[in-house]
Each structure stands twice: as C-alpha cells, then as structure tokens.
C-alpha cells in the first residue's frame, strides 16, 4: 500500500495522526486510494519480485562494428535466500484461535503475517495450464495451516526409540527422539531423507546445510486424504500421478485495512492508518463427534515439494514428514457451546463504573461496629477507594484508603485549580478520614510516583534543571529591573531618552538663580548629595522584602517568573527566530527552548498515563473482574499531584515557596488554554474519561476496533485519545470528553478485519454441514441488502453419490480403518459458490467468471460481530446507564473488493457454557542445570550440580483458582532401571525459591522397607491462609542444590510426576505435559561408549 510503515513509539500518536488528517482535509489533499475506516481490500495473491530459490540471469549484448557485428552472451546463477524452515522473529502478527483458548469445531484456524507477500515467497506448484493461473487470478502459497488431534500426530515409543525407530538412520537422533508439546520433532533438515519408513517433500537447502526444523509425522492415509485430487462429487481420482496442492490457492490472500481504532495494528501502519497483511487459513475443521473439550494442535506447514513427491505414497511408508514452521494448540469445544456473540453480549451486560463491587453483607463487620461506620466504609468503597496496608513513619502498620486516577464519581464543581499548595515531600497531601481514623494517601502516593518516574529518567532531570534555570534567570532579570525602577533607578533606554534634556540643562546651568544668592553656604550645598540606600537584588533579599510588604501590596516576583516561563514555553517568533513569540509551543510549531519541548512531552505523556505502572492506576484489581467493562472519570487532582512530584526536582533555591514551579504550572495552563490550528483552533485535548475492558475477547482479537459514536467529523478534535493494551487481556481507552449528546453518546467494539475468523459453515455436525452463501459484488451494491444470503445449502455424509460434495467427513480405504478427514473440498466449494452467485445475482452487481481466493475469503469469513454501548449522561452518584446491543457490524459498505462479509448467527440455540469448560491454570515445567540454564539437557557428570526447576504460568489462565500445594515426585534408582530416574539418591543442602517468596520448598523422603526410594518436593504457601491465589504465581521456580544426576551412558529421557492441589478443587495433573529432562553422558564417556560399540561390532 502507499505510504511509509514504521513502528509507532509515541504515546499520543492518535492525536498527531488526527492533526495530520485535519491538515489534509482542510487542504483537500485526501488520497482517493486510502481505505476508509471500517473498509478492507482483499487481493488474491501478491508475489514478490523474486521468489526464493535458484535463479538464472541471461544477458545478451549486440555489438555493432564496421568490421564484423558481434553478439555477446553471459549467464549468471544466483540464489535468493528466503526463510524456508523457520519463521523470522516478529513475522507472525497473530494466530487464531489464540494458544490455549477454546473454539467451536467449525472454526478454521488462521495465521496473519506482517509481511503481505510472505505466503508466496516460495513456489509450491509448477502447473501453469489452468486458466486462473494464465490470467493471473490465483497462485498457490507455499504455506498451509493444518489441524490435528493428538492421536493423529503422536508417535509410538517404538517409533521414537529403539532398533525399529524411524530415526535409526539419522545422524543426531539415532539414540532416540522426543516430541515437543505440539508433537513435532526438531531435527536437522539433512537428516529428513534418512528417516526410515517415511516419505517427505522436505529437501536440504544449499544455502543452509546445517539448518534445523520442526518435523511432524502424518500417517500415510491421512496425508493422502489431504492432498488427493477429488472431483465435484467428493470421489478421489485414483488415476492421479501427483499430489494436488492447487486447492490450497483458495486458502491464502492479502488483506489491506484501515487501522483507525486498533491498538496493535495502528502501531505499524502508515501515517494514514493503512496497513497490509498476509493471511493463511485452514480447510480442515476440528472433530465433529466429540462430547467434551478436546485439544487440537495447529501447524503452519510448508507444502513446497509436495507436488513433486512420488504419488501415491508408497505402501512401505508409514508416515510423511512435513516441515512445521509454527505451531500452537487450542481446545475444540463440542457443538452447541457459547459463541463469540455470547461473549460480546456478556461483556456488554457486565458494564459498570469502576469501583469495588462490595455489599454490606459481604463485609462481615464486627457486631459492635456502629451503623455510621459501616455506611462510611461502604461509601468510601463506592467512591472508588480501596483499603490497603500502610506503614507510617514511626514504623507501625495500619490501614489506609488509596485510589488511582480512575474514579467513578464526579469531582465537585467548587474545587478548582490550584486545589492545593505545592508540596515538597508529598506527606502534606494525605487526608485523614476523621470518622474512621484512616488516612487517605491517594494524592501523597501520586506525588511520590511522579517524583520516582522523573528521577528514573536522567535526561528529564537534566531538562527540568535547565528549564528551571532559564526561568529563574529571566524572571530575576525582570524582577531586578522592576525593583530598580521602583527605587528610582533609570534604565539605559530611559537615560538615553533623557540625554537631550540633560544637555539643555547643562547649557543653562550658568543662569541658575542659586549663583546670585546671598547665602554663603549655598555654593557648598550645591555639591551635597544624600547617600542612597543600596537595593538588595538577590533572591534572598527579595524574600526579606516580601516579609515587610503590606497586606495590600503585591509580590511582583511570581509575575516576573510567569512572564519568563511563558517565554521559555513559547514557539519562536517567525519574524525573529532568536526571540520568543506570544504563541505557546504546541508540538506542531518550533519550540523556543528545546528543554521545554522535552519537559512538555513528559507532562503530556503522563496525562495519557504513559509508562505509569498499572497497579498504581488500579490499586485493587478486584474492581476489574474477568469478562467485564468498567468506565471511569480521570481525577485531575491525582494528575496534578503526580506532575507536582515530578516537577519538584532540581529545586535548589527555595524549599518553602517554589515560585519557579508555580511558573511552570502557569505556562502549562497557558498551553492548555490556547487553541491549536492543527486541531481546528480547538484547545489541546486532555483525557477526562475512559474505560477498561478485560476479556478473553481482547486476547482473541488484540486489535479490537474501538469507535466513538456517532462517528466524528474529520475537522473536529479527537474524542478517543488513547487506545492501548495494558496487559494481553486488558485494553485501556481514554476519551477527551464525558459521554454527552450529541458528540459522544455511545461506543462500539468491532472485530478487526485482519483478525476476522473463518468458519467451514454456519453449522457443522457429524451428520450435516450448513452454509449460507453470501452476496458478492463486482460493482457498488447501491440499495441492495447485503445481509440477506443468496442461498442456504446443506450437505450430509449420506447424500447420494451424484450430488455435489463440499465437505468430506471421513473415508474408509480398502483394508484400512476409517480415517477422519474433516476437510473442505475447496475446488468443489469454489465452483459451486461461483455458479450460485452467477445464477442468483444480477450481472449489474456481479460479473466474473473465475473463483479467486479473495472471493472465497469473503465467503469463508465469519460474521464480524459488533458491540454497541449507549452511554447516557450521569450525575456524580449514579451508575453508568449502559444499554448493550450486539449485532453484526453495520459499518459503511465498500466496494466488493473492499468489503468485510457477514452472515447471521446460526439458527440453532446456543446454551450457556457449563462450568467444567472454564479455563484452568496452565503451568509450564522445565528442569535444567545452572551450567546450561536455557536448555533442558543436563550433562551427567559425577560432580554435584544445582538444578533449576522452572515453573511458569501461562498468561491469563489463573482465573480465581487458589494453589494450596504443588508436589514433584523424584524417584531414586539406578541409571538402567525403567522408568528412568533423575538421581540415585540426594544428599544436597535443600531447595530455595528463586524469586517468589510466597512459597517454601519442603523435601519429604519416601521409604519402602526402611530403604529410601525417592523424595517429594512440596511447594507449600507461607501464608497462614494455606493457599496463594494463582494470580500471584506467574513464576514459582526454585533451585535444588547439590544434585548428582544419574550416570547415564547414552541419551536418556526422564519424566517426573507432578501434582497440583487447588483449594476446593482437589488434586490435578498438569494440563500440559511437562517437558522431559534429557540426560546426556559427558563427551569423554560418550566417546568411550562409541568405541565400545565399534569394538563389539568388529568382534561380532
């Protein structure tokens, strides 16, 4: 797309981009090619200039000469080195479903790439005869997304290790292999052709002879169903001599979008909010016969070389090895489980103001607590406060009230700036609640946070010091001039102006009457001059003078400092660049002081809450529960206290009355009250209202689009000022005004177009699939209703063999068990959809004769749900009145190639998700040595080692669970026994937590017949409550000291038994299988073992 893409680092980029749009709008410089908000453009493919692989350049030069003409030729071969066996870091923008999340069986997982042409970097098909290829309408990508159940990919122990292992002929894995959590095996690419009983399209790359890749092993029968050629009736073409990869051309496309209102995509978009992505989605669904949640593994595989494989796959092959470039797992839910629509509706119903949801009966107060005290506590909680522990200066612990900048109530209108005098320590901002005897430390804490944030930025501290000095020097200069003038001293300009009068007086001096006086002393008094009391022009002298001023007299020094501060805070004078102007610097003009520019950026960034730790914004996270939306006002007093603390640095003049800081605040007020031409002569916007959205929807769609309703005019200041993911499941939105008619009366949340999901049909079960064919347009739809499907079709596995088939449930090969195929027949589906559109739609709306991937992407896309919230004007004590309305997106419809497609929700009823479907905590376990902390491979030396037991929680799976105990069983034994053991015995010094001190590690020895047979490492909470909330267990690793691991003579895998015990839930096994510990012999021992094998083989 046109425009320059770059990583956006400015916290207020929305404001700057809006100003740029205003300028283009006023200058009539809008680009007609720019996609409008809510629009997208689909391209069937985009091939890079040079695809990966070997290329040849032939050059011919004709030389004309008088003698003999000559033709010179030259040939040069070169290799385009494009990633083939691994995805570059940062290339994948997002995947769906997100790892660990749930989705229904009809969902088609997809991958979104930041580089639009990445799916076509390599060539996957060499068939050039089809019309759509010749007409440049479609191209086959080299990547495909395939989904599997665990049993479809898991290898048996015999295939992984032993003499019959399929890895027995490889260089590195002859001793055995280990599958990863997504059931892949990492191995050298050059070892893939050596795999026994396995076919593979993977070929070593001459550019990377030692490259490694993840390999998945697909059973031969299943692989054949994925790449066999089928006719439109769903019958396999048994005469085919090569695998069919052409249907995969419908599964990849390029997508251009407008990123306005998106949190992540906007960061890398052009300055006109345009961005492009490559999208690849699967044609294989989840299982349709399940009755309980089932783990599904998605792999992004390379299909390069599949078309060139011998076909059909030889009978002596058990597996086909394919290179997996990315993989993840998610949970497939049975039919009739809640959909995204239900999640949107639940989120809308949960909307409220941000406050602790506590009732009187939940406080369990003492029986002797007066009713007034109970009501007062509830009132404080209702006002957004939280109770916290607080240590006073004398060391005692007590309770206190604290609140962040987000408040659910209005600030009384009689409170105006400045609402407090400047503070030097923050302690004078504490407020005592006299009814409860508890201190409110809200503003004191804000002051300390501001000071801490400023101190952490060394450059800012220097800038504050420079600005203070500039204001002090200029202000004192102006004050000294005023003081001297009040004392009778004339300035240079006044003296020069009076020089003519002085000359005239001197010329008439001889005419003075005093020369003719009879007073004999007159001439002596002529030279008498009374002594003038000196003026103390220092700052300390001013302070002493201020003490003696009468009550009605005004101190002029603050006015002088304010004048100086405004000059420092101004833009340069266009006529005289060395002088300040009467216009403040507003980030769209040139600053007079570069130091002020840095200080102003810090202040404005903090006003949009940039780099302020989240736990200071919400002291009590229980006010923002899961699956909720909370609205709030921004307490400008909290922001003022924070800035007061930050600007208190570098004050070396006056600790009692910081007049320079007062002047800085005066200059900031001047900036906020002056209109900006780039904002339509409106004053700079400041956030006063906002909302927090905490939901799994944010994890699923991190670019969830936020729109202010009604839609803004382009020349008006922006209402949405900040849009950021503060955590992967929490989104923060800040607005420049409170909800009011008519400018801001609602909010809309819409699925982002580039993260739009894909589905096989509107309904998919074991006995039928239903599809709603959407309308398609090659011209403007005008008044045509695009939401009405042109056809609703159903197919069943029991349909007559003469009926067209678009979905394959399973196949039963001869002398083989039934294979679950669960794939769409894309050739048949594309043909049937195109034919239906041609028949049902008028040619003035649709006129095309080729099915493309863009056409199929629009049809396969799921409905883009949109949540509308109607916000009403509220008073200081009311709950926010919110009317949630979830409906398909009704954004303005673009032309056919630009449009996001929608279809209504399936007609079947959707039941509420049972409790046992709720996500449980997911911990990842890994054991490594401190010698090689990044690997789970431990060298089995006879020297004591310290082992790191890494235990990390997968983000956003904590829920409301409470961990009571975690047990790791470590059996003792010999290296030869089975199952393998980690150590023969343990005589070390014990275990210690690495960072999370909420737990102690206890070691219990296990005995059998008075013989120690193992030990159990028990992680026990220190708390007297007996549990630790899992939200506080993001990392609970520990180190076991003094371990002598088993002295193995070959590569050995060791598995440990782990149990997790949760309050009110009992004991569970880990949701994800822990990584095995890999023990390898020392290099010397391994060489000796190899020599022993060689000599044994020679003697035999």
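Residue numbers (our numbering): 66 to 1165.
Quick reminder that beta carbons are idealized off the backbone N, C-alpha and C, glycines included.
So what does DSSP say about residue i, is it helix, strand or coil?
i	result
residue 725	helix
residue 1148	helix
residue 149	coil
residue 360	strand
residue 885	strand
residue 371	helix
residue 464	strand
residue 251	strand
residue 524	helix
residue 231	coil
residue 938	Low confidence applies to residue 938: its pLDDT is 43, below 50, so where it sits in the model is not reliable, and the reading given next is rough at best. DSSP places residue 938 in coil when its eight states are reduced to three.
residue 200	coil
residue 1069	strand
residue 623	helix
residue 245	coil
residue 1203	What the structure shows of the chain is the stretch from 66 to 1165, and residue 1203 is not part of that stretch, so it cannot be assessed.
residue 901	helix
residue 529	helix
residue 127	strand
Give the straight-line distance between the Cα atoms of residue i and residue j, rounded to the nearest whole angstrom.
i	j	result
residue 465	residue 440	17 Å
residue 449	residue 480	19 Å
residue 102	residue 842	20 Å
residue 1112	residue 152	38 Å
residue 526	residue 565	51 Å
residue 881	residue 371	23 Å
residue 1019	residue 361	17 Å
residue 377	residue 289	8 Å
residue 1114	residue 1005	9 Å
residue 259	residue 242	14 Å
residue 1031	residue 1052	22 Å
residue 1022	residue 985	6 Å
residue 321	residue 339	7 Å
residue 1088	residue 1063	7 Å
residue 300	residue 294	8 Å
residue 1101	residue 1095	10 Å
residue 345	residue 135	51 Å
Strictly by DSSP, which residues pair up with residue i?
i	result
residue 798	756, 788
residue 1028	1093, 1127
residue 1055	1106
residue 1017	989, 1100
residue 868	DSSP lists no partner for residue 868.
residue 118	145
residue 210	365
residue 408	The partner list for residue 408 (beta bridge, DSSP) is empty, contrary to what the question assumes.
residue 318	344
Which same chain residues end up closer than 6 Å to residue i when comparing Cβ atoms and leaving out the 5 residues on each side of it in sequence?
i	result
residue 969	In this predicted model, residue 969 has a pLDDT of only 35, less than 50, meaning its place in the structure is not dependable; the value taken from the coordinates is given anyway. Excluding positions up to five away in sequence, the list is empty.
residue 954	Low per-residue confidence applies at residue 954: pLDDT is 45, beneath 50, and the placement is therefore not dependable, though the value from the model is reported in the following sentence. Here the set comprises 815, 929, 931.
residue 899	916
residue 511	703, 706, 707
If I'm right that residue i touches residue j with Cβ under 8 Å, what's the distance once you round it to whole angstroms?
i	j	result
residue 279	residue 245	7 Å
residue 473	residue 419	5 Å
residue 254	residue 267	6 Å
residue 993	residue 1013	5 Å
residue 695	residue 453	In fact, because the Cβ distance is near 19 Å, the residues do not count as touching under 8 Å.
residue 987	residue 1137	6 Å
residue 673	residue 787	5 Å
residue 711	residue 518	6 Å
Residues in the same chain with beta-carbon distance under 8 Å from residue i, minus the five sequence neighbours each way, listed in chain order, please.
i	result
residue 182	111, 112, 113, 319, 343
residue 924	838, 839, 841, 898, 966
Residues in the same chain with beta-carbon distance under 7 Å from residue i, minus the five sequence neighbours each way, listed in chain order, please.
i	result
residue 1135	988, 990, 1123, 1125
Checking contacts by CB at 8 Å: is residue i closer than that to chain D?
i	result
residue 708	The structure shown contains no chain D; it holds only a single protein chain.
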